[in-house]
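Read through the structure below, which is laid out as structure tokens, and then see the notes.
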Amino acid sequence: MIRLQTAPFDVGAELEKLTGGRTNIGAAVTFTGLVRDASYGRDVKRLHLEHYPGMTERALAAIEAEAAERWRLDASLIVHRYGTLLPGDPIVLVITASAHRDDAFSAAWFLIDWLKVKAPFWKREDGAEGSRWVEPQDSDEEASGRWS
Amino acid sequence: MTTLLYFAAIREKVGHGQEEMKLPDHLATARDLVGWLRSRHEGYEYAFADLSAVRVAIDQAFAGFDDPIRSATEIAFFPPVTGG
């Protein structure tokens, strides 16, 4: 499942919704991304998340489908926020559920790695030195490459 | 008519986020479209000066600048993505 929203999310409630009553699931991995107060040596006071409505949903659904091809998953969820966020705010949630932990761990790791380089989101940071668009990191590209 | 979309830094440089256009028939690829836009207004010239910092999506799928656009209904230009 894919969801885009401006509101915060509740990890426990999302996990319960995804796995509640499904006793075949033996492992659920949750990943939560948070807004940091510093980015590569620069203070971050606020983060603005822009995305491409329509394409974002398609891209996330494609990434999720790819994970379901590669691992034995019983359920998965991607929630990504957009709009204005503050340091400490949760920004992205990935949950994967499987009969066994290896599949859940690997799929969660894959989903967040691919999401960072294959879904149309853009971050702009406000800091002490003004506002600037975040540059893509080579390390994110390399991280996504380990799954190819 | 074709919908053109611009996001993030590209939107700011172009000066707007969306426009509907009747594209001339001689524009075969996204690269042709960029060249044509650059000749129309300095905002596009500024936005597309360095294509290595621009990505393109055709009908909501990542594409290349040499991909065909004649049957496209929606073409978007944006910087490399930074989500997650």
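Quick note, the sequences are listed as chains A and B, same order. The numbering of the first sequence is the numbering used here, which starts it at 57 and goes up by one. The numbering of the second sequence is the numbering used here, which starts it at 47 and goes up by one. Each residue gets a CB set at the ideal place from its N, CA and C atoms; glycine is no exception.
Local conformation of residue i per DSSP, three classes
i       : result
T62(A)  : coil
K179(A) : strand
F166(A) : helix
E207(A) : Given a span of 57 to 204 for chain A in the structure shown, any question on residue 207(A) remains unanswerable.
I56(B)  : helix
S98(B)  : helix
S200(A) : helix
D99(A)  : strand
G186(A) : strand
T79(A)  : coil
L73(B)  : coil
Chain-ordered chain B contacts of residue i [CB-CB under 9 Å]
i       : result
R114(A) : Q106 and A107
G110(A) : Q106 and E120
G139(A) : Those do not exist, as G139(A) stays about 13 Å from chain B at its closest Cβ, beyond 9 Å.
Bridge partner(s) assigned by DSSP for residue i
i       : result
T152(A) : V85(A) and S132(A)
R137(A) : Q61(A)
M67(B)  : T48(B)
A103(B) : F108(B) and A122(B)
Through-space distance from residue j to residue i, alpha-carbon basis
i       : j       : result
E66(B)  : A122(B) : 12 Å
A93(B)  : P126(B) : 13 Å
S132(A) : E120(A) : 8 Å
L129(A) : E91(B)  : 47 Å
L116(A) : R126(A) : 16 Å
L60(A)  : K68(B)  : 32 Å
Listed by chain order, chain A residues near residue i by CB distance under 8 Å
i       : result
G129(B) : L105, H107, H136, V148, L171, K172, A175, P176, F177, W178 and K179
F124(B) : Y108, P176 and W178
beta-carbon residue i near the ligand PLP non-hydrogen atom, thresh 7 Å
i      : result
I81(A) : Only the bare structure without any ligand can be found here, which leaves the ligand PLP out of the picture.
Are the segment 194-202 of chain A and the segment 60-80 of chain B in contact at 8 Å, needing three or more beta carbon pairs? no
Taking three-plus beta-carbon pairs below 8 Å as touching, is the segment 90-104 of chain A in contact with the segment 61-76 of chain A? Taking 8 Å as the limit for Cβ pairs, the verdict is that the segment 61-76 of chain A does not touch the segment 90-104 of chain A.
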